[in-house]
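If you're matching positions, the sequence shown starts at 6 in the working numbering and goes up one per residue.
For every residue, glycine included, the Cβ atom is placed at its ideal position computed from N, Cα and C.
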Amino acid sequence: RDSTKVSKEISEELNSTISLGGKIVTQYAYQIGLPPKLTSALLEYCNSTGIIDAFRKFTLPESQGGEPIAASTSGHNGKFIELLDGNRWYAQRPAKEWKSNMHWISPADEKTHEEYL
6 RDSTKVSKEI
16 SEELNSTISL
26 GGKIVTQYAY
36 QIGLPPKLTS
46 ALLEYCNSTG
56 IIDAFRKFTL
66 PESQGGEPIA
76 ASTSGHNGKF
86 IELLDGNRWY
96 AQRPAKEWKS
106 NMHWISPADE
116 KTHEEYL
C-alpha cells in the first residue's frame, strides 16, 4: 500500500498554525483519526490506572482541589507517584520561566517500564 495514501486516509491537515508565545513553531498541524474502539480502549485503560485523575490533580489550582507540582526556578521539578495499578511513575513539570502547568510522566522503575512497553 502507498504510505502517502494511507497517511491521507488517517489524518487531516488543519488550517491553523501552532504558536508558542506568538512565535510560529510550525506551519503544519495534523489531526490523526483513530478507530473509535481504540479511542475507547485507551480511555478505559487511562481511567483504570488513575492517570487521568493524577493529571487532573496536577493541572487544577490548589483552590479547586488540585495538587500541582511546584514549578522550580531552574530546570524541571518532579515527584514519584504510584497509580491505581501499582506502577510507579516520575511526574514532572517544567521550570517557572515557561509559565506552564504542563506535566509529563516517565516510568520510575523497570517493572513499570516493561509493562508500559
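What do you get for residue i, buried or exposed, if any count of 16 or more other CB atoms within 10 angstroms of its CB means buried?
i: I57; result: exposed
i: A46; result: exposed
i: N52; result: exposed
i: A59; result: buried
i: K13; result: Because K13 sits at a pLDDT of 48, beneath the cut-off of 50, its placement in the model cannot be relied upon, and the point is left open.
Between the options, which lies nearest to residue i when the distance is taken from Cα to Cα?
i: A100; options: H118, F85, G80 and G91; result: G80
i: S77; options: P112, K62 and S105; result: S105
i: E87; options: E49, T44, M107 and S111; result: S111
i: E102; options: N82, G91 and T54; result: N82
i: A75; options: L48, A96, E49 and K42; result: A96
i: N92; options: G55, R98 and E67; result: G55
Among the residues of its own chain, which have a CB less than 6 Å from the CB of residue i, if the five just before and after it don't count?
i: D7; result: Since pLDDT at D7 reaches only 44, below the 50 mark, its modelled position is unreliable, and no value is offered.
Assuming residue i and residue j are in contact, meaning their beta carbons sit under 8 Å apart, how far apart are those beta carbons, in whole angstroms?
i: T44; j: H108; result: No, T44 and H108 are not in contact; Cβ-Cβ is about 22 Å, not under 8 Å.
Tell me which same chain residues have a C-beta within less than 8 Å of the C-beta of residue i, skipping the five on either side of it?
i: K62; result: G70, G71, E72 and P73
In its own chain, which residues sit with a C-beta less than 7 Å from the C-beta of residue i, not counting the 5 before and 5 after it?
i: E120; result: N92
i: K84; result: I74 and A96
- [ ] Could you pull out every unbroken alpha helix (DSSP H) segment of at least 4 residues lying fully inside the segment 24 to 107, listed in chain order?
- [x] The DSSP assignment places 41 to 54 and 56 to 64 as complete runs of the alpha helix (DSSP H) inside the segment 24 to 107, in order along the chain (cut-off: 4 residues).
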